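Single-structure report; data block below.
4 protein chains.
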Amino acid sequence: MTTASESSSHNGTAHNGTAIPRGQGGDALSVAAREIFAERGYHGTSIRDIAKRAGLSLSALYFWHSSKQELFAGLMEDSVTDYVRACDSALRDCGDDPVERLRAIVRATVDYRVRRRVESTIAAREIRNLEPEHAQRLAELRASATRLFQDIIDEGVRRGAFRCEHPAEARRAIQAACNAIPQWYDPEGDAGPAELAERYVAIALRIVGHES
Amino acid sequence: MTTASESSSHNGTAHNGTAIPRGQGGDALSVAAREIFAERGYHGTSIRDIAKRAGLSLSALYFWHSSKQELFAGLMEDSVTDYVRACDSALRDCGDDPVERLRAIVRATVDYRVRRRVESTIAAREIRNLEPEHAQRLAELRASATRLFQDIIDEGVRRGAFRCEHPAEARRAIQAACNAIPQWYDPEGDAGPAELAERYVAIALRIVGHES
Amino acid sequence: MTTASESSSHNGTAHNGTAIPRGQGGDALSVAAREIFAERGYHGTSIRDIAKRAGLSLSALYFWHSSKQELFAGLMEDSVTDYVRACDSALRDCGDDPVERLRAIVRATVDYRVRRRVESTIAAREIRNLEPEHAQRLAELRASATRLFQDIIDEGVRRGAFRCEHPAEARRAIQAACNAIPQWYDPEGDAGPAELAERYVAIALRIVGHES
Amino acid sequence: MTTASESSSHNGTAHNGTAIPRGQGGDALSVAAREIFAERGYHGTSIRDIAKRAGLSLSALYFWHSSKQELFAGLMEDSVTDYVRACDSALRDCGDDPVERLRAIVRATVDYRVRRRVESTIAAREIRNLEPEHAQRLAELRASATRLFQDIIDEGVRRGAFRCEHPAEARRAIQAACNAIPQWYDPEGDAGPAELAERYVAIALRIVGHES
DNA sequence: AATGAATGAGTTTTCATTCAT
DNA sequence: CATGAATGAAAACTCATTCAT
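Structural data, given as structure tokens:
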């Protein structure tokens, strides 16, 4: 399974070109930034706070990242990239039965939203704070995830596995339900990630009108 | 039908005592604030921008509202209050059949999210920016709306109208789907509010396992 | 004679549109800015220092001027505009004899450099710190002053009043000599402004090869 | 002819004791510094930019120079020293006729201003940014150049070769005219350095009232 | 001879807020 | 009702400089 540390969060203008350095400083900053951005949103977060939580000075932050925006955009991109990768890999491991494929992508989505709650929270609410260039790349990544969902549903309808008059609405409903998980999920709660995934698989199959 | 102007958005400290004034100034400010808060979020919005869009001076804003927080909280409360009221009134007008009641509350929700897109966007993302006192009142209002949904679903399950192993999950999925509407809804799109409501009613009934 | 106070130094973005306000604040800032910019140059001057010398807070400065650059550019433009105006008016008051005209423009120039030493110092050294838009307007103003000199000299040569093989070089030498005055002029020194002007008139006439 | 590399630009605290090293690093830094200081002035120049243009790291700069000020002061001193040396040597090669001597020093000055445009630009505008100790040494060097001019003119007047009521003014005008050359000189222009020198010799002789 | 990582003081600018009028 | 003038705190970011390696 794809994990956060596979992707680079330090490749902005401040330190570009060379191989990704992974000193303690850089990582600590990324971790701190993720948390605080998730808690308070882009504008609610001051880079002073990020540096402080990372145990570094403000200026050290600027050694690793060329601006607040670049730091933020790096986080967002890493997160969405990882999510899309997780979906891709989940779909690669299963056949072409739409039911199985829907199961796989919903499981991957729930899993990601639960295990990477912080980034998911950010990604859900803060896209508008990306400057145009970054925003566009993000939008494309998002669109590709959406397409994965839509293609599966459309194919299921075509094959008669799903009975569904408004497949776009069905897709939106499923994605919205999954994406909302980080807003309420409590790791101490009654359902663990696996159980939760099965519940959302069931909901998704109902939404697309699959007779079980 | 409940409308925004029925509720008070000007009851802060700034203008205490006298009867609620409803001049152009106050309203223009509320409208401007709603728009800009929705566009840029709480911290991304400056009180100067609001005053400018309302065509007033900064000081005029302070005549009508005692602080940025109070202006913001007023907006949020108005919005959620209106929504809860809309749900209440929709439910009051229908019998006690859970299917009918679920239909009614989903219709009311979709209708509200479509017609009051701006506030809905704010309400969905910006609660964390409310100071504790305001946040709590909001949370209570939200909880009461959630309870309306949950009660209907639970009752439907009890009566055998809904077949649903995890009613709380079902409720979350339905609410999440409806609440996401403002993120993508396009007034020029293929489905008008009424048609959209029916689609989401259908989705909701599937989620709760109602045999149609 | 044109004086500084005739021109507006407060018409930037911060407070544009309305009639020029001339509260104490705005003037104090302009005066302070002139002095400190002259002493330390554009980059060597912090707007904190300007505000402090004006007896205002940093934020008050931003009420009057939208940025350091705009404040600086305003000063520069005022100064060069005034100078050009002084030359124009001096030339308007004398006939078309090139000798008289050269006398007039040199007198006006020396006079301006002596009486407005501070701005002259800035104008001489700090144009490169103007952002392109401002720089261009300044360059045009300067060019118009240069043209005044050049036209007079060329006309003198044509009429045989001046004997001068390289009129452009002559013009540059005259202007350079006059413009250097603020660098060494001491108000307590042996020559007052009027006497100084006559000395530079004599030098200028020699440079252009006028037989006296 | 005296060239820049004859003079020491690396004698600060950073590399004390050992013989002056003249590796590529040190030279690249001096060249870069000269250019950028000339373009943007002392305060407008960041030590980072200098290192970058020299293709070195910031820390490498600190190996060669103990501080920004020392690097800057070194440049200035080198430049003025070279200029004074150039004047001295030009005067040593000619007799004691004031006319010849004025010719020689004007030629040397124009030559220097044209060939070392960059340093001349700095020297003309940035003395005020030197800290007192450095400033004083520079002032003395400058004064010695000024004295060379003044002595020649005074002697010419005494001998009746020059007819000149205000010799100090004449000297200032001549120096100002020469010093302004870097501000407008275009190497691609109509007059090469030698031709230009002759033009300024002619101007200087006119200023001091020499009958040709 | 040179570098990467870090810092503290400083920069310009924006913010919510106040108050006399 | 409304404004113009002002403020203090904090924002993002840059700077010259240091130090272990």
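Chains as they are written, first to last, in the working numbering: chain B, 1 to 212; chain L, 1001 to 1212; chain E, 2001 to 2212; chain D, 3001 to 3212. All residues carry an ideal CB built from backbone N, CA and C; glycine is no exception. All of these numbers come straight from a predicted model, not from anything done at the bench.
Close-in-space but distant-in-sequence residues of the same chain around residue i (CB under 7 angstroms, 5 per side omitted)
{"i": "D/L3071", "result": "A3033 and H3065"}
{"i": "D/R3142", "result": "V3080"}
{"i": "B/C94", "result": "E100, R101 and A104"}
{"i": "L/R1117", "result": "P1182 and Y1185"}
{"i": "D/P3187", "result": "none"}
{"i": "E/R2137", "result": "E2077"}
{"i": "D/S3144", "result": "V3084"}
Selected residue, minimal CA-CA separation from residue i, among the options
{"i": "E/G2044", "options": "E/E2188, E/Q2024, E/K2068 and E/A2177", "result": "E/K2068"}
{"i": "D/G3041", "options": "D/R3103, D/E3119, D/I3181 and D/G3055", "result": "D/E3119"}
{"i": "L/R1171", "options": "L/Y1200, L/D1186 and L/W1184", "result": "L/Y1200"}
{"i": "D/V3084", "options": "D/A3073, D/E3035, D/D3096 and D/R3147", "result": "D/R3147"}
{"i": "L/C1087", "options": "L/R1101, L/V1031, L/G1160 and L/E1077", "result": "L/R1101"}
{"i": "L/F1063", "options": "L/I1047, L/D1078 and L/E1155", "result": "L/I1047"}
{"i": "E/G2026", "options": "E/R2053, E/I2036 and E/L2061", "result": "E/L2061"}
{"i": "E/I2152", "options": "E/D2097, E/A2139, E/P2132 and E/E2035", "result": "E/D2097"}
{"i": "L/A1202", "options": "L/G1189, L/A1177, L/D1190 and L/E1188", "result": "L/A1177"}
{"i": "B/E133", "options": "B/E39, B/G156, B/R107 and B/M76", "result": "B/M76"}
{"i": "B/E198", "options": "L/D1190, L/G1189 and L/E1169", "result": "L/E1169"}
{"i": "D/G3074", "options": "D/N3179, D/E3039 and D/E3126", "result": "D/E3126"}
{"i": "B/E39", "options": "L/S1059, L/N1129 and L/E1039", "result": "L/N1129"}
The ligand FAD heavy atom lying under 7 angstroms from the CB of residue i
{"i": "B/D96", "result": "As presented, the structure is devoid of all ligands, the ligand FAD included, so that no description of it is given."}
Neighbouring residues, chain L, relative to residue i (Cβ below 8 angstroms)
{"i": "B/A170", "result": "I1203"}
Contacts around residue i, its chain only, beta-carbon distance under 6 angstroms, and the 5 residues preceding and following it disregarded
{"i": "D/I3174", "result": "A3204 and I3207"}
{"i": "D/G3209", "result": "F3162, R3163 and C3164"}
{"i": "E/R2106", "result": "The amino acid at residue 2106 of chain E is misidentified as Arg; the sequence shows Val. Same-chain partners within the cutoff: Y2200, V2201 and A2204."}
{"i": "D/A3037", "result": "Sequence inspection shows Phe at residue 3037 of chain D; the Ala mentioned does not correspond to that position. Within the same chain, D/F3037 has close Cβ partners T3045 and I3122."}
{"i": "L/D1154", "result": "P1167"}
{"i": "E/Q2150", "result": "R2171"}
{"i": "L/N1245", "result": "For chain L, the structure presents residues 1001 to 1212; residue 1245 of chain L sits outside this window and is missing."}
Contact list for residue i against chain B, beta-carbon separation under 7 angstroms
{"i": "L/A1161", "result": "Result: empty, since nearest Cβ-Cβ is about 15 angstroms, beyond 7 angstroms."}
Residues of its chain near residue i, where Cβ-Cβ distance is below 8 angstroms and the 5 sequence neighbours each way are ignored
{"i": "B/S57", "result": "A51"}
{"i": "E/P2193", "result": "V2110, D2111, V2114 and R2115"}
{"i": "D/E3211", "result": "R3163"}
{"i": "D/E3195", "result": "none"}
{"i": "E/E2035", "result": "R2053 and V2118"}
{"i": "E/A2090", "result": "A2104, I2105, R2107 and A2108"}
{"i": "B/A28", "result": "A54, G55 and L56"}
{"i": "D/A3191", "result": "R3199"}
Residues that residue i contacts on chain L, provided the C-beta gap is smaller than 7 angstroms
{"i": "B/A173", "result": "A1177 and I1203"}
Listed by chain order, chain L residues near residue i by CB distance under 9 angstroms
{"i": "B/G209", "result": "R1206"}
Neighbour list for residue i in chain E, Cβ cutoff strictly below 9 angstroms
{"i": "D/H3215", "result": "Residue 3215 of chain D lies beyond the residue range present for chain D, which begins at 3001 and ends at 3212; the question has no answer from this structure."}
- Message: Using a Cβ-Cβ cutoff of 7 angstroms, what residues of the region 1041-1061 of chain L are near chain B? List them in chain order.
- Response: G1041, H1043 and G1044
- When Cβ atoms are compared, which residues of the region 1100-1129 of chain L fall closer than 9 angstroms to chain B? A1124, R1125, E1126, R1128 and N1129
- Message: Under 9 angstroms, CB to CB, which of the residues in the region 1130-1151 of chain L have a partner in chain B?
- Response: Under the 9 angstroms Cβ criterion, the region 1130-1151 of chain L contributes no residue.
- Task: Using a Cβ-Cβ cut-off of less than 7 angstroms, list which residues of the region 3175-3207 of chain D approach chain E; keep chain order.
- Result: A3176, A3177, A3180, W3184, R3199, I3203, R3206 and I3207
- Identify every run of the alpha helix (DSSP H) within the region 3082-3120 of chain D, keeping only runs that are complete inside it and at least 4 residues long; order them along the chain. 3098-3115
- Item | Contact set between the region 1071-1084 of chain L and chain B, restricted to residues whose Cβ is under 7 angstroms from the partner | Residues: none.
- Unbroken alpha helix (DSSP H) runs of length 4 or more, entirely within the region 2123-2155 of chain E: which are they? none
- Message: List, from N- to C-terminal side, the alpha helix (DSSP H) runs of 4 residues or more that fit wholly inside the region 2042-2079 of chain E.
- Response: 2047-2054 and 2058-2064
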